[in-house]
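So the structure is just underneath, and the comments pick up after that.
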Amino acid sequence: MGRRRKGSATPAHTSCVSDEPGFVPFAFERLPEQEQLARSHRFLASMRTRRSVRDFSRDPVSWSLIENAVAAAGTAPSGAHQQPWTFVVVEDPELKRRMRDAAEGEERRSYGSRMPDEWLEALRPLGTDWRKPHIEDAPYVIVVFEQAYGLRPDGTKAKHYYVRESVGIAVGLLLASLHEAGLVTLTHTPSPMGFLRELLGRPENERPYVLIPVGYPADRCVLPDLERKPLASILVRK
Ligand code: IYR
3 MGRRRKGSAT
13 PAHTSCVSDE
23 PGFVPFAFER
33 LPEQEQLARS
43 HRFLASMRTR
53 RSVRDFSRDP
63 VSWSLIENAV
73 AAAGTAPSGA
83 HQQPWTFVVV
93 EDPELKRRMR
103 DAAEGEERRS
113 YGSRMPDEWL
123 EALRPLGTDW
133 RKPHIEDAPY
143 VIVVFEQAYG
153 LRPDGTKAKH
163 YYVRESVGIA
173 VGLLLASLHE
183 AGLVTLTHTP
193 SPMGFLRELL
203 GRPENERPYV
213 LIPVGYPADR
223 CVLPDLERKP
233 LASILVRK
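To convert, take the position in the sequence shown, counting from 1, and add 2; that gives my numbering.
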């Protein structure tokens, strides 16, 4: 960012050819405009069909789709390129049952007394409650952990930067990749979700960020009738 060669006013990134150690040429393929537009429209049309799903079928999903999606998520930009994320993919039925039990225990308390009326009111259109069958029904549950700090081999801590932002971007790519692969997901944040670290045996520097059941919608699946904000209300051009 704004990196300048010593003793020069020219930003280094104005040229993609560099003989500086630690830098390599960027093999960038510039697309014809027609192709750019076609790809951009195709991606938008696809993303417009993405929905958060709460009723999952128990149909199996090819492991390669999950692996590829996690690999795609791992391409996300991150603070200081520290890649402060771990994706734990759970398929073991017993482990999923224990995650569901723990999540439902917390959610029962949240819906029962911890969430203020305003919050419950905001969630009403989504039709959510304390029951979380998707954690057991979905063939895979991806639990994303943020690495609050790094652990060096000698056990000392390395500061991580922009962890939440970095992991949020990675999760966006993960969701888009799973959607492109013809799967459905739910971005679920059981509250609180500290129990996931212990249940999944993760180290002390990792914090659960989100839990994502992945699979196919159940035959009986219904969705809340929601609309997305129009472009004119989210895009400001100056
Ligand atoms: N964690 C609860 C409540 C919940 C909160 C928000 I913000 C949502 O968008 C949806 C649900 C639950 O998972 O039910």
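Note that beta-carbon positions come from the ideal geometry of N, C-alpha and C, so glycine has one too.
Inset, instruction - Please work out which residues of its chain come closer than 8 angstroms, Cβ to Cβ, to P79, disregarding the five sequence neighbours upstream and downstream, and give them in chain order. - result: S168 and I171
Inset, instruction - Under 5 angstroms from any heavy atom of the ligand IYR, by CB: list those residues in chain order, please. - result: T130 and S193
Legend entry - Pair within 9 angstroms by beta-carbon distance, V26 and R204: no
Legend entry - Contact the region 153-165 vs the region 185-192: 3+ CB pairs below 8 angstroms: no
Inset, instruction - Please work out which residues of its chain come closer than 7 angstroms, Cβ to Cβ, to P86, disregarding the five sequence neighbours upstream and downstream, and give them in chain order. - result: S80, E148, Q149, H162, V165, S168 and V169
Inset, instruction - Would you tell me roughly how many angstroms separate the C-alpha atoms of K134 and V92, rounded to the nearest one? - result: 16 angstroms
Inset, instruction - Taking Y151 and I68 to be in contact with their CB atoms under 8 angstroms, please state how far apart those CB atoms are, rounded to whole angstroms. - result: Going by Cβ atoms, the distance from Y151 to I68 rounds to 27 angstroms, so no, they are not a contact pair.
Inset, instruction - Ignore the nearest five residues each way along the sequence and tell me which others in S1's own chain have a CB closer than 6 angstroms to its CB. - result: Residue 1 cannot be examined here, being either before or after the span of the chain that is shown, 3 to 240.
Legend entry - Option in T77, A47 and A29 with minimal Cα separation from G174: T77
Legend entry - C-beta contact flag for E106 and P194 at 9 angstroms: no
Legend entry - N- and C-terminal bounds of the beta strand (DSSP E) containing E208: E208 to G217
Inset, instruction - Would you list the residues sitting across from Q149 in a DSSP beta bridge? - result: E208
Legend entry - Alpha-carbon to alpha-carbon, R111 and K231: 32 angstroms
Legend entry - Simplified DSSP state of F30, which is helix, strand or coil: coil
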